[in-house]
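Chemist: Numbering (UniProt numbering), first residue to last: 1 to 229.
Here a beta-carbon is modelled for each residue, glycine too, at the ideal position from N, C-alpha and C.
All figures in this text were calculated on a predicted structure; none of them were measured in a lab.
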Amino acid sequence: MATELWNTVDDYFSRELVKSDAALEAALDASAKAGLRAISVAPNQGKFLHLLAKIHGARRILEIGTLGGYSAIWLARALPADGAMVSLEANPDYADVARANLAAAGLSGKVSVLTGLAAESLEELIRSKTPPFDFIFIDADKSSYPDYLRLTLQLSRPGTVIVADNVVRSGRLGDPANQEPDIVGIRSFFKMLAATPGADSTAVQTVGAKGWDGFSITIVSAAQTEANG
Numbered sequence: 001m002a003t004e005l006w007n008t009v010d011d012y013f014s015r016e017l018v019k020s021d022a023a024l025e026a027a028l029d030a031s032a033k034a035g036l037r038a039i040s041v042a043p044n045q046g047k048f049l050h051l052l053a054k055i056h057g058a059r060r061i062l063e064i065g066t067l068g069g070y071s072a073i074w075l076a077r078a079l080p081a082d083g084a085m086v087s088l089e090a091n092p093d094y095a096d097v098a099r100a101n102l103a104a105a106g107l108s109g110k111v112s113v114l115t116g117l118a119a120e121s122l123e124e125l126i127r128s129k130t131p132p133f134d135f136i137f138i139d140a141d142k143s144s145y146p147d148y149l150r151l152t153l154q155l156s157r158p159g160t161v162i163v164a165d166n167v168v169r170s171g172r173l174g175d176p177a178n179q180e181p182d183i184v185g186i187r188s189f190f191k192m193l194a195a196t197p198g199a200d201s202t203a204v205q206t207v208g209a210k211g212w213d214g215f216s217i218t219i220v221s222a223a224q225t226e227a228n229g
């Protein structure tokens, strides 16, 4: 009963506040036809990310975990005319779907989808001295969240916002006996956040069409970027 009610409320929010969008709906349809799992953010969550990036005035956005490009469309639309986004996807087939969806949404010129293991792509961005990002969205394999945090901090500036999705895992995070790799990874991620000077963070539980989960949000201070050298 609770799940049904959560879905009803999410549908209400989406209907009243998000509205229909041909490019976003086409991206979901194309992803489904390509056999991608239906694990993109919900429409109201996508708009939430969009608003966060827009409120922050982000000009450069980094996403870890492209899937079919649904969240990338939401985020890229928050960018100004001269803004740019990089999205990392390990699966080349998913990356192809995402590129097609982004092209259909008229965003090919703003979003670069890089294929390969995210940690390796992040290391290459660091080696190539890529300019820092203003807004970073982590939504990939949870066991690697500690690595993604360590590396994205090196691609941050004072004021960079880092959002990490799926950090509650239907409450399994709260079970100390649970040693699943994704839960262990998320716990390590939170310990790193707590121990990182200059990382000011909180986390929020959510319920809705995507079940019981949540996200963390961090703002990076000058102290952390100075520590990165």
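Does the contact criterion of 3 or more C-beta pairs under 8 Å hold for the segment 58 to 69 versus the segment 87 to 97?
Modeler: yes
Chemist: Excluding the five sequence neighbours on either side, which residues of its own chain have a C-beta within less than 6 Å of the C-beta of Ala58, listed in chain order?
Modeler: Stepping through the sequence shown from its first residue, residue 58 is reached at position 58. Result list for Ala58: Asp134 and Phe135, in chain order.
Chemist: I need the straight-line Cα distance from Ala30 to Ser40, nearest angstrom please.
Modeler: Here the question's residue 30 lines up with position 30 in the sequence shown. Here the question's residue 40 lines up with position 40 in the sequence shown. The straight-line gap from Cα to Cα measures roughly 13 Å.
Chemist: Would you tell me roughly how many angstroms separate the C-alpha atoms of Ala23 and Ser121, rounded to the nearest one?
Modeler: Locating residue 23 in the sequence shown gives position 23, counting from the first residue. Locating residue 121 in the sequence shown gives position 121, counting from the first residue. About 28 Å.
Chemist: Just the C-alpha distance for Pro132 and Leu125, rounded to the nearest angstrom, thanks.
Modeler: Within the sequence shown, the letter at position 132 stands for residue 132. Within the sequence shown, the letter at position 125 stands for residue 125. Here the alpha carbons of Leu125 and Pro132 stand approximately 10 Å from one another.
Chemist: So the beta strand (DSSP E) Val113 belongs to, where does it begin and stop?
Modeler: Locating residue 113 in the sequence shown gives position 113, counting from the first residue. It spans Val111 to Thr115 - the beta strand (DSSP E) in which Val113 sits, taken as one unbroken run.
Chemist: Just confirm the distance between the C-beta atoms of His50 and Ala78, as a whole number of angstroms; I'd bet it's less than 8 Å.
Modeler: Translated into positions along the sequence shown, residue 50 becomes position 50. Translated into positions along the sequence shown, residue 78 becomes position 78. Taking the Cβ atoms as the reference, His50 lies roughly 5 Å from Ala78, within the contact range of under 8 Å.
Chemist: Based on Cα-Cα distance, which residue from Gly198, Ala100 and Leu149 lies nearest to Lys33?
Modeler: Locating residue 33 in the sequence shown gives position 33, where the first residue counts as 1. Of Gly198, Ala100 and Leu149, the residue nearest in Cα terms is Ala100.
Chemist: Would the beta-carbon of Ile73 fall within 8 Å of that of Leu107?
Modeler: Here residue 73 refers to the residue found at position 73 of the sequence shown. Here residue 107 refers to the residue found at position 107 of the sequence shown. Yes; because the gap between Cβ atoms is below 8 Å, this pair is in contact.
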